[in-house]
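Those protein sequences? They're chains A and B, same order as listed. Each residue of the first sequence is one higher than the one before, starting from 860 at the first, in this note's numbering. Each residue of the second sequence is one higher than the one before, starting from 230 at the first, in this note's numbering. Cβ coordinates follow ideal geometry from the N, Cα and C atoms, glycine included.
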Amino acid sequence: MKNNKRKISAEEKLYVATQWQLMRRKFKKHKLAILGGTTLVIFYILAIFCGFFSPQDIYKQHSGYIYAPPQRIHFFDEEGFHLRPFVYGLERKIDPITFRKIYIEDKTRKLPIYFFVRGDKYKLWNLYSTDIHFFGVKDGPIFLFGADKLGRDLFSRNLHAARISLSIGLVGVAISFILGCIIGGISGYFGGMADMVTQRVIEFLICIPTIPLWMSLSAALPKKWPPTKIYFGIVIILSIVGWCGLARVVRGKLLELREEDFVMAAKICGATSGRIITRHLLPAFLSYLIVNVTLAIPNMILGETSLSFLGLGMRAPAVSWGVLLQDAQNVRTLALHPWLLIPGLCVIITILAFNFLGDGLRDAADPYKL
Amino acid sequence: MIKKNELPLLEVKNLKKYFPVEKGFWRKTVGYVKAVDKVNLYINEGETLGVVGESGCGKTTLGRCILRAIEPTEGSILFRLNGDMIDITKLDRESLRATRRYTQMIFQDPYSSLDSRMTVLDIVGEPLLVNNLATGRKMEERVKDLVNVVGLNVKHLKRYPHAFSGGQRQRIGIARALASNPKFIVADEPVSALDVSVQAQTLNLLQDLQVEFKLTYLFISHDLSVIEHISDRVAVMYVGKIVELAKTEEFFLNPLHPYSEALLSALPKPDPRLRMKRIILSGEVANPVNPPSGCYFHPRCKYAEEICKKEEPEWKEVNPEHFVACHFAKELSLKGVI
Chain A
860 MKNNKRKISA EEKLYVATQW QLMRRKFKKH KLAILGGTTL VIFYILAIFC GFFSPQDIYK
920 QHSGYIYAPP QRIHFFDEEG FHLRPFVYGL ERKIDPITFR KIYIEDKTRK LPIYFFVRGD
980 KYKLWNLYST DIHFFGVKDG PIFLFGADKL GRDLFSRNLH AARISLSIGL VGVAISFILG
1040 CIIGGISGYF GGMADMVTQR VIEFLICIPT IPLWMSLSAA LPKKWPPTKI YFGIVIILSI
1100 VGWCGLARVV RGKLLELREE DFVMAAKICG ATSGRIITRH LLPAFLSYLI VNVTLAIPNM
1160 ILGETSLSFL GLGMRAPAVS WGVLLQDAQN VRTLALHPWL LIPGLCVIIT ILAFNFLGDG
1220 LRDAADPYKL
Chain B
230 MIKKNELPLL EVKNLKKYFP VEKGFWRKTV GYVKAVDKVN LYINEGETLG VVGESGCGKT
290 TLGRCILRAI EPTEGSILFR LNGDMIDITK LDRESLRATR RYTQMIFQDP YSSLDSRMTV
350 LDIVGEPLLV NNLATGRKME ERVKDLVNVV GLNVKHLKRY PHAFSGGQRQ RIGIARALAS
410 NPKFIVADEP VSALDVSVQA QTLNLLQDLQ VEFKLTYLFI SHDLSVIEHI SDRVAVMYVG
470 KIVELAKTEE FFLNPLHPYS EALLSALPKP DPRLRMKRII LSGEVANPVN PPSGCYFHPR
530 CKYAEEICKK EEPEWKEVNP EHFVACHFAK ELSLKGVI
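Encoded structure:
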């Protein structure tokens, strides 16, 4: 008897697994989605603790390091391998032919990288004042992603930009999600005229080219607004179109589920509409909503980046990936200072990660489909 | 068997269900699909009425209308409850919800009829819970009894439907239908999704349960041999109407409607020496949006005459307890199954 019990446990586990457990099983098989998910977790952690992870203050101008290229992290010098990584100090020289400033590694100045090092003062989440940074060098700045035209550290600026760019996706989707659920729910549940009207409105909104719409709306935001107000203004502008897709998903799923036999069975045995919605309908389409939300976030991030890039979204001194990319608007920069494009790379990685994650979630969303 | 002049358990009078056909931008109603059209029938307590017909003839709609799972367009459904006949179509939402526990349904598709996100315990216990019949421990005890009755393992209560085969899922569906102690159950093709050996088991289970719990069935099927096995009386549907209603034996021996004759001739015979001529119906099933004039069956009927095109046949009792809607019910001598 005891032996028997142990034997069936693996199979029994599958049989008594809840929807979410089954989804996790299926999701784990999707390697790309796991990769995307991990990337996003790392990105979001970096963005949440951006003050801690950035080695320098993002507004501090290092006049000696204008357009300094990214410094390489070394483990080897002429003496051999060192466990502690280090960077070489940069020495500025003038190119005798082009008169351009060029930076060369000064092999005599070795700057070892320390963890939890004291540096510029900052406030974590505007609450705790501290000067401890995750990493840094003891004397002088470190430029892992190079410096911009004012000698500001691009690595730190990228992390702070991630905070705005990544969170705008989440907040925007949250607003779209609420709007989409309510409007899509009404449309799908009541049907008839209400459904007709909402569907036509959605079709109309989807027809409007997004960039011109966003541009005209964000041009209407007062110039005097502080960055926080602008931030929420942009979020709302992005959500105006964003909810349409979600509302359609909610409506479609509701219409589909309403016809399922198990919903009729619940109705026949006397369940109230409230119980049918909360116990049968919601759990059935929640997983689909999560998938669609995941796939909607990249659009928000791209929207914010393009608006800021065009100078209509977030404005300096606030930093977002779009704002940082403004510096990379001409060929000269691209040719001479390609590291200014790193924010663009960050956007691409984020979008790809979200899409991979969404893909995996979509495959896992209905664990009962064969 | 209870005589007809005693009160039946359920009586359906002039039941209609028309689905509007909408067209164009403004969804104007341009016609109706007459899925159920002027249906009259009664079911006595403890008996099984088999409803048979081709796919799309409105069998399922009839079953769902009787339970008011979908709203009928017209007609009345009288259900005997504590000695009184109450009209289900006239109940308001709350009293309808209160009477729902006496009427239940077994579904055709054992996959979509169980919520895959609920355990067996929750599925079978739902009727108990929503009707305030039992909660918590008491509910679990009752569910265990039910699961036992339908022949499933009590240890599997915490499992989800995906752990079960089609036949087992159908048993879960049956247990759910029994949970609230109903008097009347609409079984909507409960075995047509199962393979033959499981079909037989399930049918026998349904028959045993009928005796044990004094159930009354409206048994919908397209399979005449299943109907023959389980029903006391048979109703034949064609394009939303019942064309013949008789006791099973009488129906199989002595059908009175040409459509019934055609159906019966298609029944496979186990004896290879018996070579009955099969009646192959010509033409298509009539379109319920635009049915033919007069008798709906006349374009396919080999006995049809002028009157069949013009007048709709009357629903009349030709022999005792043998109803038929055909102009020539008395004249024709049709072949049944020997």
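Any chain A beta carbon closer than 7 Å to residue i
| i | result |
| --- | --- |
| TYR247 (chain B) | no |
| GLU419 (chain B) | This sequence places Pro at residue 419 (chain B); Glu is not what is there. Taking Cβ atoms only, chain A never reaches closer than 7 Å to PRO419 (chain B), which makes this a no. |
| LYS232 (chain B) | Because the pLDDT at LYS232 (chain B) is just 45, under 50, the model does not fix this residue reliably, and the point stays unresolved. |
| PRO301 (chain B) | no |
| SER454 (chain B) | no |
| ARG398 (chain B) | no |
| PRO356 (chain B) | yes |
| ARG371 (chain B) | no |
| ARG322 (chain B) | no |
| VAL241 (chain B) | no |
Contact test: residue i Cβ vs the ligand FMN heavy atom, cutoff 6 Å
| i | result |
| --- | --- |
| SER1146 (chain A) | The ligand content of the structure shown is nil, which means the ligand FMN is not present either. |
Closer than 9 Å at the beta carbon, the chain B residues around residue i
| i | result |
| --- | --- |
| GLN878 (chain A) | SER345, ARG346 and TYR389 |
| ALA1143 (chain A) | ASP344, SER345 and ARG346 |
| TYR903 (chain A) | Per Cβ cutoff of 9 Å: no residues; TYR903 (chain A) is ~29 Å from chain B at best. |
Beta-carbon neighbours of residue i, restricted to chain A and to distances below 8 Å
| i | result |
| --- | --- |
| ARG405 (chain B) | ALA1124 and CYS1128 |
| GLN333 (chain B) | ILE1127 and CYS1128 |
Chain A contact residues for residue i, given Cβ-Cβ distances below 7 Å
| i | result |
| --- | --- |
| LEU296 (chain B) | ILE1127 |
| SER409 (chain B) | CYS1128 |
Partner residues on chain B for residue i, Cβ-Cβ distance less than 7 Å
| i | result |
| --- | --- |
| ARG1134 (chain A) | VAL359 |
| PHE1121 (chain A) | SER341, SER342, LEU343 and ASP344 |
Environment of residue i [buried if 16+ CB atoms lie within 10 Å]
| i | result |
| --- | --- |
| HIS941 (chain A) | exposed |
| MET230 (chain B) | Because the pLDDT at MET230 (chain B) is just 41, under 50, the model does not fix this residue reliably, and the point stays unresolved. |
| THR1237 (chain A) | Residue 1237 (chain A) lies beyond the range of chain A shown here (860 to 1229); nothing can be said about it. |
| TRP1180 (chain A) | buried |
| PHE1063 (chain A) | exposed |
| GLY939 (chain A) | exposed |
| CYS909 (chain A) | buried |
| VAL900 (chain A) | exposed |
| PRO1176 (chain A) | exposed |
| ARG256 (chain B) | exposed |
| SER1077 (chain A) | buried |
| MET1052 (chain A) | exposed |
| GLU937 (chain A) | exposed |
| TYR981 (chain A) | buried |
| ASP1120 (chain A) | buried |
| GLY1217 (chain A) | buried |
Chain-ordered chain B contacts of residue i [CB-CB under 8 Å]
| i | result |
| --- | --- |
| ASP916 (chain A) | Residues of chain B passing the Cβ test: none, with the nearest at roughly 51 Å. |
| TYR874 (chain A) | HIS385, ARG388, TYR389, HIS391 and ALA392 |
CB contact below 7 Å: residue i versus chain B
| i | result |
| --- | --- |
| ARG1221 (chain A) | no |
| HIS1139 (chain A) | yes |
| TYR1048 (chain A) | no |
| TYR1147 (chain A) | no |
| TYR1227 (chain A) | yes |
| ILE1034 (chain A) | no |
Interface partners of residue i on chain A, CB under 9 Å
| i | result |
| --- | --- |
| PHE336 (chain B) | ASP1120, PHE1121, MET1123 and ALA1124 |
| ARG326 (chain B) | GLY1129, ALA1130 and THR1131 |
Within-7 Å CB hit, residue i to chain C
| i | result |
| --- | --- |
| ARG329 (chain B) | Within the model displayed, chain C is absent; protein chains A and B are what it includes. |
CB of residue i within 7 Å of CB of residue j, strictly
| i | j | result |
| --- | --- | --- |
| GLY523 (chain B) | LYS538 (chain B) | yes |
| GLY831 (chain A) | LEU1114 (chain A) | Because residue 831 (chain A) is not part of the residues shown, which for chain A are 860 to 1229, the question remains open. |
| GLY1172 (chain A) | ILE1093 (chain A) | yes |
| ILE306 (chain B) | ILE295 (chain B) | yes |
| PHE532 (chain B) | PRO487 (chain B) | Checking the sequence shown, residue 532 (chain B) turns out to be Tyr, not Phe. The answer is yes: Cβ separation under 7 Å. |
| ILE1201 (chain A) | PHE1004 (chain A) | yes |
| TYR525 (chain B) | PRO411 (chain B) | no |
Touching or not, the segment 258-277 of chain B and the segment 239-249 of chain B, by the rule of three or more beta carbon pairs under 8 Å?
yes
Tell me, please, whether the segment 1022-1039 of chain A touches the segment 1096-1109 of chain A by the rule of three or more beta-carbon pairs shorter than 8 Å.
yes
Do the segment 277-292 of chain B and the segment 447-457 of chain B make contact, defined as three or more Cβ pairs closer than 8 Å?
yes
Does the structure place the segment 426-446 of chain B close enough to the segment 468-485 of chain B that three or more beta carbon pairs sit under 8 Å?
no
Below 8 Å, how does it come out for the segment 1123-1131 of chain A and the segment 350-361 of chain B: are there three or more Cβ pairs, yes or no?
yes
Inter-stretch contact (C-beta, 8 Å, three-pair minimum) for the segment 878-892 of chain A and the segment 976-990 of chain A:
no
Just checking, does the segment 423-432 of chain B make contact with the segment 246-261 of chain B on the three C-beta pairs under 8 Å criterion?
no
Looking at C-beta atoms only, is the number of pairs between the segment 342-351 of chain B and the segment 397-406 of chain B that lie closer than 8 Å three or more?
yes
Can we say the segment 992-1010 of chain A touches the segment 1150-1169 of chain A, given the rule of at least three CB pairs closer than 8 Å?
no
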